[in-house]
Amino acid sequence: MQNGILTLLQPFSIVPVAVLNTEEQADAACKRLLEQGYASMEITLRTQRALDLIRYVKTHYGAQLCVGAGTVCQPAQAEAAAKAGAEFLVSPGQTEALVLAMKNTGLPYLPGAVSPSEIMQSQERGLGLLKFFPAHLFGGAAALSAYASVFQSVRFLPTGGIEEATKQDYLSLPNVVAVGGSWMLK
Ligand code: 3PG
Numbered sequence: 152m153q154n155g156i157l158t159l160l161q162p163f164s165i166v167p168v169a170v171l172n173t174e175e176q177a178d179a180a181c182k183r184l185l186e187q188g189y190a191s192m193e194i195t196l197r198t199q200r201a202l203d204l205i206r207y208v209k210t211h212y213g214a215q216l217c218v219g220a221g222t223v224c225q226p227a228q229a230e231a232a233a234k235a236g237a238e239f240l241v242s243p244g245q246t247e248a249l250v251l252a253m254k255n256t257g258l259p260y261l262p263g264a265v266s267p268s269e270i271m272q273s274q275e276r277g278l279g280l281l282k283f284f285p286a287h288l289f290g291g292a293a294a295l296s297a298y299a300s301v302f303q304s305v306r307f308l309p310t311g312g313i314e315e316a317t318k319q320d321y322l323s324l325p326n327v328v329a330v331g332g333s334w335m336l337k
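Using the working numbering, the first residue of the sequence shown is number 152, and each one after it goes up by one.
Here it is, written out as structure tokens:
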């Protein structure tokens, strides 16, 4: 399946998502995650310095944290994130060109889908694990529960609006392999 993304992310259960602007923020976030026992981190490409900070985190914390790039929306970003040292790629959605670019990096990759048609299109592309974002706005755990019987072979990693108090609603579903979010960094 899409270059080992399930094998990579399932053991983490929770994948922290960070929006970082500076090395200081990166240090603070990494220290906080390590103190709380987390072993992975998705750094979103939503800031000017995101690629630099992926490189920084990989260099300084790469032995303890598996570092991925999130919010990969353009094909060129997939290659750039791989060059910066990202160990996995996450996108809120997908296009044919983006999926191909992510695949071509050779890294584990996780495109997004939320609607039945998007999920069916993903299946046609051979994608078996999908990001479901923003989970709280697209029906949350109830929607994923409904998808379990319809899309029996598809697995999800929901993110968006998930909190400490709601994470278990998702993790208890048979089609959810892990959840993502930023609540532990707030
Ligand atoms: C993401 O990109 O997955 C989200 O920004 C995480 O959502 P949250 O900040 O609402 O947890």
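Just so you know, even glycine gets a beta-carbon here, dropped at the ideal spot from N, CA and C.
Since we're looking at a predicted model, the values are computed, not measured.
* Check whether the stretch 183-195 touches the stretch 275-292, counting contact only when three or more Cβ pairs, one atom from each stretch, lie closer than 8 Å. => no
* Say yes only if the C-beta of phenylalanine 284 is nearer than 7 Å to one or more non-hydrogen atoms of ligand 1, and no if none qualify. => yes
* Asked: When you compare each of Ala316, Ser266, Pro309 and Ser323 to valine 301 by their alpha carbons, which one comes out closest?
  -> Ser266
* Go ahead and pull the three-state DSSP assignment for isoleucine 194. => strand
* Sort Ala229, Ser268 and Arg183 by Cα distance to methionine 253 and report the nearest one. => Ala229
* **Length-filtered (3 minimum) beta strand (DSSP E) runs lying within the stretch 214-281** => 217-221
* Alpha-carbon to alpha-carbon, valine 328 and leucine 322 -> 7 Å
* Is valine 166 close to chain C, meaning its C-beta is less than 8 Å from at least one C-beta of that chain? -> Within the model displayed, chain C is absent; a lone protein chain is all it includes.
* Please determine if the stretch 202-216 and the stretch 156-165 are in contact, where contact requires at least 3 C-beta pairs separated by less than 8 Å. => no
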